[in-house]
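Okay, so here's the structure we're looking at.
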Amino acid sequence: MSEVFRRYGAPLGLMILLLTGIWVVAMVVLPYFVMVEYSFHPNLPGPEIGGPKDIYTLDNYASLFRGIDILAWDFPDDFRVFLRTIWGSAVVTAVCLVVCYPVAFYLAKVATPDRVGFLLLLLVVPFWINEILRTFSWYIILAFNGPLNAVLLALGLLDKPVRWLSGSGGVLIGMTYAFLLFMMFPLYNALQTLDRNQIEAARDLGAPGWRIHWRIVIPHAKPGIAVGCIMVFVLAASSYVVPALLGSPGTRWFTETIYQWFFEGQNWPRGSAYAFVLLGLCVAFILAMMRIFRVGLTDIAK
Amino acid sequence: MTGMKASERLLQAYVVLFLLYLFLPLAIMVAATFNTSRFPTVTPWLGTTTRWFEVLWNDQQMWRALWNSFVVAFAVIVVSVPIGVAAAMLLSSLHKRARTFLYAVMVSPLLTPGVIIGISTLVFWERLGVKGGLHLAVIGQSSFIAAYVMLMVLARLQRFDPSLEEAALDLGASHAQAFRRVLFPHLRPAIVSGAVLAFFQSFENYNTTLFTRGTDTTLTIFIASKVRTGLTPAVNALGVILIVVTVVGAIGYEILRRREAARAREATRRAQENALGDLRKA
Amino acid sequence: MSQDVELDGVTMRFGAVTAVRDVSLVVKAGEFFSFLGPSGCGKTTILRILSGFTEPSAGAVRIGGRDMAGIGPNGRPTALIFQNLALFPLMSVWENIAFGLEVRGVGKAERRKRAEALLDLIALPDAADKRIDELSGGMKQRVAIARALAVEPQVMLLDEPLSALDLKLRQHMRAELRAIQKKTGVTFIYITHDQGEAFTMSDRVAVMSRGVLEQVGPPKAIYDDPATPFVATFVGENNAFTGPVALLADGVAAVETPFGPLRGRAGPGLASGAAAVLFVRPERLREATPGDGANRLAGRVTHVDFEGNFANVFLKGPDGSAILVQLANDGSGEPPPEGATMDIAFDPANAVVLPDGPRARS
Ligand SMILES: Nc1ncnc2c1ncn2[C@@H]1O[C@H](COP(=O)(O)OP(=O)(O)O)[C@@H](O)[C@H]1O
Ligand SMILES: [Mg+2]
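So the sequence lines, in the order shown, correspond to chains A, B and C.
First residue of the first sequence: 1308, per the working numbering; consecutive thereafter.
First residue of the second sequence: 10, per the working numbering; consecutive thereafter.
First residue of the third sequence: 195, per the working numbering; consecutive thereafter.
Have a look at this one:
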């Protein structure tokens, strides 16, 4: 702390402390705390807030789980949405990993440097294009009268058009497309540091291609895999616009449930509780990945 | 040998397919802009037109939303860049333990879902009696965009030689002068990149804005609501414009980067020449 | 214009480490003064205390009689040349040189003029608009000096500024630095671990070891009259013969060594019977003549290094101790062959006897 003042002098040092303090306290830490605190309150009309009924309660959390009947395999709506979100995000993450891995490997270890420069530029462009537009393009493709059905009908692969946008399929397709590159770049960065000689050596020893990947390339890519999976999972689990555009009322996402509690149900405490549950889910996933792949926070922030 | 070649060719084919997968949807969206069909599609092609650009041009709501997006993005730059710079400077002069802890707190918003940042911002300011609106969107977005700026500035700061700062002080500069003339110029590229990144991040933000915007509309909110209600290819026209801006920006950035790399190579060459000259003299 | 620099009981502690211990000395105005010592002995720390980047844990620094306590680097009449030079990479050469003037509010035209005058002084007249990364090591060196001179400091502080250069350039720059110092008359305080550098440039040298000031004096006095065993062994080569003081009279001391009693000039602090060392330089040893009575010793030649203008002859004494004799190639004779026994002698005036103490690691 005193180092700040020694290096930058008193006025600048104070400014630094003040700005950082405002950010960390008033924009990051306190809002979390207030949200969490809020989630333990009952939803009361304005005048009763702070009154005798305003007691701490776990009800907002309990309501997510209330009515679960494992034996009958029966779940309440909100919980079903929650499960779908976890499951769907996991599927999207896995698909992104599988789809990206060969491309990242090609970029990092096979392509010539000139071509890599060009391809990276090509990849960066869709990366910068708005998530909504990327989702919207699939909205067009998957539409009942859209090009996908038209092509498949023309090729004779379908005999009647399919409603792609009902059910979860559209959401998963759209998310995979929207978040793919968040897997690509971490993977590529990790693979780039792999020494090509290791691959050559393994090949010299007669290892078949899949075994080289399994024993050498993938272990080396672990930090990249971890970071990519974290990015994609968190983005998918907390996506609002993709399910809103490509989903149907029967296939809501947990973020949509939260939004509904906030702005349609006018139940902010419950919305806050659910938001905290979503945060917990993401943190649990991140910690699990960090544990499984043995990576630290600094690796992720890159 | 031939087996390796075959697998390599297979990989190349896959990469081509991947690129197709990446760009075909965008191409279809762009193409749909020029179809006369009232619903954005390329099948069937009812005729080529540019009228959807006109429709977009005449859409007052769009202009309003665009204006709001600009206002928010600029405000986010104003808020998040100074914060990010200050935070990086603080981190770089802290000791290990405190630094690790504060760093974790600072990057946590990057791993937090955007909707949750929006919600916590909304709930927190509601407590203080502040209702949703563009100002809350600015605060909410800045809370995580500042972390991006911080990371970029910190990376640059780690390549700063603190003895430069000391040299400035030693030559009589005040702390403020040393900052303005020595540290700040060193950080400037990172600050500019940070500001550009902040602008883009803000401009395309949806999740945080959704919860903090109150009744105001930004461009992303506008697009999403248009898709759900009142979808016409005018939305595609907007998409085309944004894509063109993005592509031009990416290419421009790349050109600048390569030019700077070439300049650095040239300077190294001259320094080597001068060193040879020195040896001859000595 | 220049001023005296006074260190008065300066001590610097970093936690458990005492980097500088109770150093007191006065550097006279206009002097070229060097601190010489092995790496880690506290030289940089002293310079940072003088320039105001660190406050000493105890003691005072006075410049021109004024106490510098509480005055930061930007308030002191000193200019520091950093070990890595610390030129501003984003400014051109002339902006670097004029930086000190700029922060003092000197107008641009005037700044440019003064920068160009300094560029003439350092013999780089065409470099004003060059970028720093275009310069060679030697050019950077000179720009750093010009930048420091621009603020017209009373005291220049230089932290091993030549260490990054290669040998030839380093020797060239020594002469140049000395010339600049003479021309400007500014007090130079110079830090180095290289005795050649310290000796060729300085009026006086302070030798330091582990934060302690061992000796202050002109180069010749340091070399000929080392005050401590550390100085005797750190500066140049020396033969050491250890033993108790056998005799102490009239400024001459005899040490009882395995070679018998050896005599030399008595240093300060000797007591009869106490442990002492006699030091004699290799070039002050000579082949014994029949006339030599006392101060004789003999050894077997293990090795001869012929260097051109002289030869190093390595001897092993009967007790296994190593002795180095330097024979000038002055036509008076050939060095003995390996394996031969060599009789040597020295004049007591050419040897010094000191109380035993820590020596430099070689
Ligand atoms: N800021 C510091 N914190 C802790 N120890 C230091 C610091 N600066 C120097 N030292 C210690 O003080 C001693 C002297 O260092 P220094 O003055 O740099 O030596 P020199 O310049 O003679 O090589 C060293 O042991 C060094 O480790
Ligand atoms: Mg040093």
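Glycine included, every Cβ here is placed at the ideal spot set by N, Cα and C.
Query raised in the report: Residues with a Cβ closer than 5 angstroms to any heavy atom of ligand 1, in chain order?
Result: C:Phe208, C:Ala213, C:Ser233, C:Gly234, C:Cys235, C:Gly236, C:Lys237, C:Thr238, C:Thr239
**Report entry** Beta-carbon neighbours of alanine 284 of chain B, restricted to chain C and to distances below 7 angstroms
**Finding:** For the purposes of this step, residue 284 of chain B is taken as residue 275 along the second sequence, with counting starting at 1. Per Cβ cutoff of 7 angstroms: Ser330, Gly331.
Requested in this report: Can you say whether asparagine 1452 of chain A is buried or exposed, counting buried as having 16 or more other CB atoms within 10 angstroms of its CB?
Outcome: What you label residue 1452 of chain A is simply residue 145 of the first sequence in a count that begins at 1. So asparagine 1452 of chain A ends up on the exposed side.
Requested in this report: For the alpha helix (DSSP H) holding alanine 1497 of chain A, just list the boundary residues, first then last.
Outcome: For this step, residue 1497 of chain A is matched to residue 190 along the first sequence. Taken as a continuous stretch (DSSP letters only), the alpha helix (DSSP H) holding alanine 1497 of chain A covers 1476–1499.
Query raised in the report: Anyone know if the C-beta pair for serine 357 of chain C and lysine 324 of chain C falls short of 8 angstroms?
Result: Along the third sequence, read from residue 1 onward, the residue named residue 357 of chain C stands at position 163. Along the third sequence, read from residue 1 onward, the residue named residue 324 of chain C stands at position 130. No, they are not a contact pair.
Query raised in the report: If you compare alpha carbons, which of A:Ile1447, A:Trp1517, A:Thr1400, A:Ile1523 is closest to methionine 1486 of chain A?
Result: Within the first sequence, numbered from 1, the residue matching residue 1486 of chain A stands at position 179. Note that residue 1486 of chain A corresponds to phenylalanine in the displayed sequence, not to methionine. Residue A:Thr1400 is the option with its Cα nearest to phenylalanine 1486 of chain A.
Query raised in the report: Would you say glutamate 175 of chain B faces chain C, with C-beta separation under 8 angstroms as the test?
Result: The residue you call residue 175 of chain B lines up with position 166 of the second sequence. Yes, contact with chain C.
Requested in this report: Report yes if the CB atom of threonine 229 of chain B is closer than 8 angstroms to the CB atom of asparagine 214 of chain B, and no otherwise.
Outcome: Locating residue 229 of chain B in the second sequence gives position 220, counting from the first residue. Locating residue 214 of chain B in the second sequence gives position 205, counting from the first residue. For threonine 229 of chain B and asparagine 214 of chain B, yes; Cβs fall inside 8 angstroms.
Report task. Label isoleucine 1454 of chain A either buried or exposed according to how many other C-beta atoms from any shown protein chain fall within 10 Å of its C-beta, with 16 as the threshold for buried. Result -> For the purposes of this step, residue 1454 of chain A is taken as the residue at position 147 of the first sequence. Residue identity check: residue 1454 of chain A is proline in the sequence provided, not isoleucine. When all chains shown are included, proline 1454 of chain A counts as buried.
Requested in this report: Within 10 angstroms of the Cβ of alanine 40 of chain B, are there 16 or more other Cβ atoms? Answer buried if so, exposed if not.
Outcome: Here residue 40 of chain B refers to the residue found at position 31 of the second sequence. Alanine 40 of chain B comes out buried.
Report task. Kindly list the residues whose CB is nearer than 7 angstroms to the CB of arginine 1569 of chain A, restricted to its own chain and excluding five residues on each side of it in sequence; keep chain order. Result -> Here residue 1569 of chain A refers to the residue found at position 262 when the first sequence is read from its first residue. Correcting the residue type first, residue 1569 of chain A is phenylalanine in the shown sequence and not arginine. Taken in chain order, the residues that qualify are Trp1575, Gly1578.
Requested in this report: Verify the CB distance criterion: does glutamate 1507 of chain A have a CB-CB separation below 8 angstroms to chain B?
Outcome: As a position in the first sequence, residue 1507 of chain A is number 200, starting the count at 1. Taking Cβ atoms only, chain B never reaches closer than 8 angstroms to glutamate 1507 of chain A, which makes this a no.
Requested in this report: Please check if any C-beta of chain B sits within less than 8 angstroms of the C-beta of serine 357 of chain C.
Outcome: Within the third sequence, numbered from 1, the residue matching residue 357 of chain C stands at position 163. So, not an interface residue.
Query raised in the report: Is the shortest distance between the beta-carbon of proline 118 of chain B and the beta-carbons of chain C less than 8 angstroms?
Result: By 1-based counting over the second sequence, the position of residue 118 of chain B is 109. No, no contact with chain C.
Query raised in the report: According to the Cβ coordinates, are aspartate 550 of chain C and threonine 436 of chain C closer than 8 angstroms?
Result: Here residue 550 of chain C refers to the residue found at position 356 of the third sequence. Here residue 436 of chain C refers to the residue found at position 242 of the third sequence. In contact: aspartate 550 of chain C and threonine 436 of chain C (Cβ atoms closer than 8 angstroms).
Query raised in the report: Is serine 357 of chain C near ligand 3, judged by its Cβ being under 7 angstroms from some heavy atom?
Result: In the structure on display, ligand 3 does not appear, and the ligands it does have are ligand 1 and ligand 2.
Query raised in the report: Does the count of Cβ pairs from the segment 374–390 of chain C and the segment 344–362 of chain C closer than 8 angstroms reach three?
Result: yes
Query - Nearest to glutamate 17 of chain B (by Cα), restricted to the options A:Val1335, A:Ser1370, A:Ala1418 - result: For the purposes of this step, residue 17 of chain B is taken as the residue at position 8 of the second sequence. The shortest C-alpha separation from glutamate 17 of chain B is found at A:Ala1418.
Requested in this report: Using a Cβ cut-off of 9 angstroms, pull out every chain B residue sitting near cysteine 1287 of chain A, in sequence order please.
Outcome: Past the boundaries of the shown model lies residue 1287 of chain A; chain A is included only from 1308 to 1609, so the question cannot be answered.
Query raised in the report: What are the start and end residues of the alpha helix (DSSP H) that includes asparagine 216 of chain B?
Result: Walking along the second sequence from the start, residue 216 of chain B turns up at place 207. Where asparagine 216 of chain B is concerned, the enclosing alpha helix (DSSP H) stretches over 216–221.
**Report entry** Same chain, Cβ closer than 6 angstroms to aspartate 537 of chain C, five either side skipped, listed in chain order
**Finding:** For the purposes of this step, residue 537 of chain C is taken as residue 343 along the third sequence, with counting starting at 1. Contacts found: Ala482, Ala492.
Requested in this report: Report yes or no: is there a C-beta of chain A within less than 8 angstroms of the C-beta of isoleucine 148 of chain B?
Outcome: Locating residue 148 of chain B in the second sequence gives position 139, counting from the first residue. Output row for isoleucine 148 of chain B: interface = yes.
Query raised in the report: Alpha carbon to alpha carbon, what distance is there between threonine 248 of chain C and isoleucine 252 of chain B?
Result: Counting from one through the second sequence, the residue named residue 252 of chain B turns up at place 243. Counting from one through the third sequence, the residue named residue 248 of chain C turns up at place 54. For isoleucine 252 of chain B and threonine 248 of chain C, the distance between alpha carbons rounds to 55 angstroms.
Report task. List the DSSP bridge partners of lysine 510 of chain C. Result -> Taking the third sequence and counting its residues from 1, the one referred to as residue 510 of chain C is at position 316. According to DSSP, lysine 510 of chain C bridges with C:Arg494, C:Ala516.
Requested in this report: Give the interface partners of threonine 218 of chain B over in chain A, defined as CB-CB distance under 8 angstroms, in chain order.
Outcome: As a position in the second sequence, residue 218 of chain B is number 209, starting the count at 1. Within chain A, no residue comes near threonine 218 of chain B; the closest Cβ sits about 10 angstroms away, beyond 8 angstroms.
Report task. Establish whether the CB of alanine 95 of chain B and some CB of chain A are separated by less than 8 angstroms. Result -> The residue given as residue 95 of chain B occupies position 86 in the second sequence. Yes, because at least one Cβ of chain A sits closer than 8 angstroms to the Cβ of alanine 95 of chain B.
**Report entry** Coarse secondary structure for leucine 279 of chain C, derived from DSSP in three states
**Finding:** One-based indexing of the third sequence puts residue 279 of chain C at position 85. Strand.
Report task. Taking C-beta pairs closer than 7 angstroms, name the residues in chain B that arginine 1577 of chain A reaches, listed in chain order. Result -> Residue mapping note: residue 1577 of chain A aligns to position 270 of the first sequence, counting from 1. By Cβ distance, chain B contributes nothing, its closest Cβ being about 12 angstroms from arginine 1577 of chain A, past 7 angstroms.
Requested in this report: Measuring only between beta-carbons, confirm whether alanine 185 of chain B sits less than 8 angstroms from chain A.
Outcome: Stepping through the second sequence from its first residue, residue 185 of chain B is reached at position 176. It does: the Cβ of alanine 185 of chain B has a partner Cβ on chain A nearer than 8 angstroms.
Report task. Output the distance between the C-alpha atoms of methionine 10 of chain B and alanine 1415 of chain A, rounded to the nearest integer angstrom. Result -> Residue mapping note: residue 10 of chain B aligns to position 1 of the second sequence, counting from 1. Residue mapping note: residue 1415 of chain A aligns to position 108 of the first sequence, counting from 1. Annotation note: pLDDT 43 at methionine 10 of chain B (below 50); position unreliable, coordinate value reported separately. Taking the straight line joining both Cα atoms gives about 21 angstroms.
Query raised in the report: In this structure, does DSSP put methionine 575 of chain C in helix, strand or coil?
Result: Outside the modelled stretch of chain C, which goes from 195 to 556, sits residue 575 of chain C, for which no answer is possible.
Report task. Count the other C-beta atoms from every protein chain shown that fall within 10 angstroms of the C-beta of valine 211 of chain C, then say buried if there are 16 or more, exposed otherwise. Result -> Along the third sequence, one-based indexing puts residue 211 of chain C at 17. Exposed, because fewer than 16 other Cβ atoms sit within 10 Å of the Cβ of valine 211 of chain C.
Query - Cutoff 8 angstroms: leucine 178 of chain B Cβ touching any chain C Cβ - result: The count along the second sequence starts at 1 and reaches residue 178 of chain B at position 169. It does; some Cβ of chain C falls within 8 angstroms.
Report task. Using a threshold of 8 angstroms, state whether the C-beta atoms of lysine 1582 of chain A and valine 24 of chain B are closer than that. Result -> As a working mapping, residue 1582 of chain A is identified with position 275 in the first sequence. As a working mapping, residue 24 of chain B is identified with position 15 in the second sequence. The sequence shown places alanine at residue 1582 of chain A, not lysine. Result no, Cβ atoms of alanine 1582 of chain A and valine 24 of chain B do not sit closer than 8 angstroms.
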